[in-house]
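Plus 9 on top of the position in the sequence shown (first one is 1) and you've got our numbering. Before any comments, here is the structure.
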Amino acid sequence: MLEKSIRILGAYGGKGVDINNTSIQIDKHTTIDAGNILKGIGKDAKYINKIFLTHSHLDHIVDIPFLIDSFFENREIPIKIYALKETIIHLKKHLFNWDIWPDFSQINLINKKLKAIEFIEIKVNKTMKFDDFSIKAIKTNHTISSCGYVIKKKNNAIFFTADTYKCNTIWEELNLNKYIKTLIIDVSFPSRLSNIAKKSNHLTLKDLLKELEKSKRDDVCIYINHLKPSYVKEIKKEVEELNSKYNIQLLNDGDILNLETTKKEQSLIYENSTKYHLKKIFENITSKEDFDKIIQKVQKEKEKIK
Ligand SMILES: [Zn+2]
Ligand SMILES: [Zn+2]
Numbered sequence: 010m011l012e013k014s015i016r017i018l019g020a021y022g023g024k025g026v027d028i029n030n031t032s033i034q035i036d037k038h039t040t041i042d043a044g045n046i047l048k049g050i051g052k053d054a055k056y057i058n059k060i061f062l063t064h065s066h067l068d069h070i071v072d073i074p075f076l077i078d079s080f081f082e083n084r085e086i087p088i089k090i091y092a093l094k095e096t097i098i099h100l101k102k103h104l105f106n107w108d109i110w111p112d113f114s115q116i117n118l119i120n121k122k123l124k125a126i127e128f129i130e131i132k133v134n135k136t137m138k139f140d141d142f143s144i145k146a147i148k149t150n151h152t153i154s155s156c157g158y159v160i161k162k163k164n165n166a167i168f169f170t171a172d173t174y175k176c177n178t179i180w181e182e183l184n185l186n187k188y189i190k191t192l193i194i195d196v197s198f199p200s201r202l203s204n205i206a207k208k209s210n211h212l213t214l215k216d217l218l219k220e221l222e223k224s225k226r227d228d229v230c231i232y233i234n235h236l237k238p239s240y241v242k243e244i245k246k247e248v249e250e251l252n253s254k255y256n257i258q259l260l261n262d263g264d265i266l267n268l269e270t271t272k273k274e275q276s277l278i279y280e281n282s283t284k285y286h287l288k289k290i291f292e293n294i295t296s297k298e299d300f301d302k303i304i305q306k307v308q309k310e311k312e313k314i315k
């Protein structure tokens with residue numbers, strides 16, 4: 010599973026009716042950010058024991074408290090939270106402070122000497138190696154202390170910037186690190202709202218195009234994520250109408266990105282979802298069709314849902 014790929018559990022900069030907060034699954038045990046671990050992975054979320062955080066904003070951390078709670082009884086080892094020093098300070102001060110949620114770094118697992126969570130401070134530009142991947146934090150430019158991550162599997166790497174505004178370190182890494190074949194970068198607001206984007210340290214599509222002038226790489230596939238819920242339609246339209254030498258694509262919840270080909274693999278979560286099957290039914294319905302026909306189609310598609 011995910012040998013050569015990563016899975017987008019949440020591709021957006023907020024939670025909406027049918028969109029989810031930022032989170033990426035790296036392997037069976039590991040995610041970057043925790044915006045949508047439980048719903049994104051389902052019951053196998055119990056295997057997650059490493060979470061690399063980009064920063065402490067709510068849309069990136071919200072599932073950590075509930076992930077601990079959901080599988081507390083049977084956990085054998087702590088959930089390790091890897092993050093920058095400032096991010097750990099924020100989590101301890103504002104979330105795991107007994108007022109908002111218990112401090113699980115002080116609570117033992119059942120019948121164990123181990124704590125429920127463990128904070129591990131990371132340093133930027135230092136590569137950490139694990140069985141199936143290596144990971145390196147790169148400093149980014151957001152309203153608070155933040156980093157992106159370069160994730161490498163075999164000889165292919167993907168660079169996930171997370172939330173950022175204009176930032177030279179991103180392009181320096183991209184220009185130097187030839188293993189990187191795919192870039193996932195923040196476009197939170199439509200280009201007309203460049204002031205809000207600047208104030209909140211996020212990019213617009215127009216800002217991104219300007220930033221791309223710093224790139225010496227024309228062989229990198231670019232995906233954008235972290236669209237804010239209110240502007241999803243507007244940004245999608247901007248991307249569709251974009252006339253650029255760069256192939257810029259949108260990411261969606263459930264997408265699986267192959268690090269070798271840089272392409273989206275079949276979106277497993279989405280293909281299995283009821284929403285997908287219902288969408289297929291409605292795509293084929295015209296207003297002239299009678300009700301019985303619609304019911305027949307619903308039943309036919311229902312049989313495909315496991
Ligand atoms: Zn965010
Ligand atoms: Zn943020």
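C-beta: ideal position from N, C-alpha, C; glycine also. Computed from a prediction, not measured in an experiment: that's the story for all the values here.
query: What first and last residue would you give for the beta strand (DSSP E) that runs through V159?
result: C156 to K162
Nearest-angstrom Cβ-Cβ length linking K190 and T271, presumed shorter than 8 Å: Confirmed, Cβ separation roughly 5 Å.
message: Our contact map puts L67 next to T40 with C-beta atoms below 8 Å; I'd like the distance itself, whole angstroms only.
response: About 16 Å; that fails the 8 Å criterion.
- prompt: Helix, strand or coil: which one does DSSP assign to Y56?
  reply: helix
- prompt: Relative to ligand 2, what is the chain-ordered list of residues with a Cβ closer than 5 Å to any of its non-hydrogen atoms?
  reply: Residues close to ligand 2 by the beta carbon criterion (under 5 Å to any non-hydrogen atom) are, from first to last along the chain, H66 and D172.
task: Tell me, to the nearest whole angstrom, how far the beta carbon of F61 is from that of I144; I am working on the premise that it is less than 8 Å.
output: Going by Cβ atoms, the distance from F61 to I144 rounds to 6 Å, so yes, they are a contact pair.
Runs of beta strand (DSSP E) wholly within the stretch 90-145 (minimum 3 residues, chain order): 126-130 and 136-138
query: Does the stretch 194-203 come close enough to the stretch 243-252 that 3 or more CB-CB pairs lie under 8 Å?
result: yes
message: Rounded to the nearest angstrom, what separates D184 and I231 at their Cα positions?
response: For the sequence presented, residue 184 should be read as Asn rather than Asp. Whole-angstrom Cα-Cα distance: 14 Å.
task: State the Cα-Cα distance for the pair K148 and I88, rounded to the nearest angstrom.
output: 24 Å
- prompt: On the three-state DSSP scale, how would you describe Y21?
  reply: Of the three classes helix, strand and coil, the one that applies to Y21 here is strand, per DSSP.
Reference L260, options S79, K309 and L192, closest by Cα: L192
query: Apart from the five residues just before and just after E181, which ones in its own chain have a Cβ nearer than 6 Å to its Cβ?
result: There are no such residues.
message: Please classify Y91 as buried or exposed, where buried requires at least 16 neighbouring CB atoms within 10 angstroms.
response: Y91 comes out buried.
message: Do N204 and T173 have their beta-carbon atoms positioned less than 8 Å apart in this structure?
response: no
query: Are T1 and S155 touching if we call contact CB-CB under 8 Å?
result: Absent from the model: residue 1. The displayed extent of the chain is 10 to 315, so no value can be given.
field: Helix, strand or coil at Y232 according to DSSP, with G and I counted as helix
entry: strand
- prompt: From L268 to L236, what does the alpha carbon distance come to, in whole angstroms?
  reply: Rounded to whole angstroms, the separation of the alpha carbons of L236 and L268 is 22 Å.
- prompt: Which residue's Cα is closest to the Cα of E12: K225, K306, K223 and I265?
  reply: I265
Span of the beta strand (DSSP E), counted from its first residue to its last, around F169: Run containing F169: N165 to F169, per the beta strand (DSSP E) assignment.
message: Suppose contacts are defined by Cβ-Cβ distances below 8 Å. Is F81 in contact with A125 by that definition?
response: yes
field: Residue from I86, K101, Q258 and W107 with nearest C-alpha to K122
entry: I86
- request: Could you pull the start and end residues of the alpha helix (DSSP H) that I46 belongs to?
  value: I46 to I50
- request: Would you kindly work out how many angstroms separate the C-alpha atoms of D42 and Y21, rounded to a whole number?
  value: Distance between the alpha carbons of D42 and Y21: 12 Å.
C-beta contact flag for I194 and L218 at 8 Å: no
field: N267 (DSSP reduced to helix, strand or coil)
entry: strand
- request: Give the DSSP-derived three-state secondary structure of N83 in the structure shown.
  value: helix
task: Going by CA-CA distance only, name the one from K59, K94, K101 and W110 that's closest to P74.
output: W110
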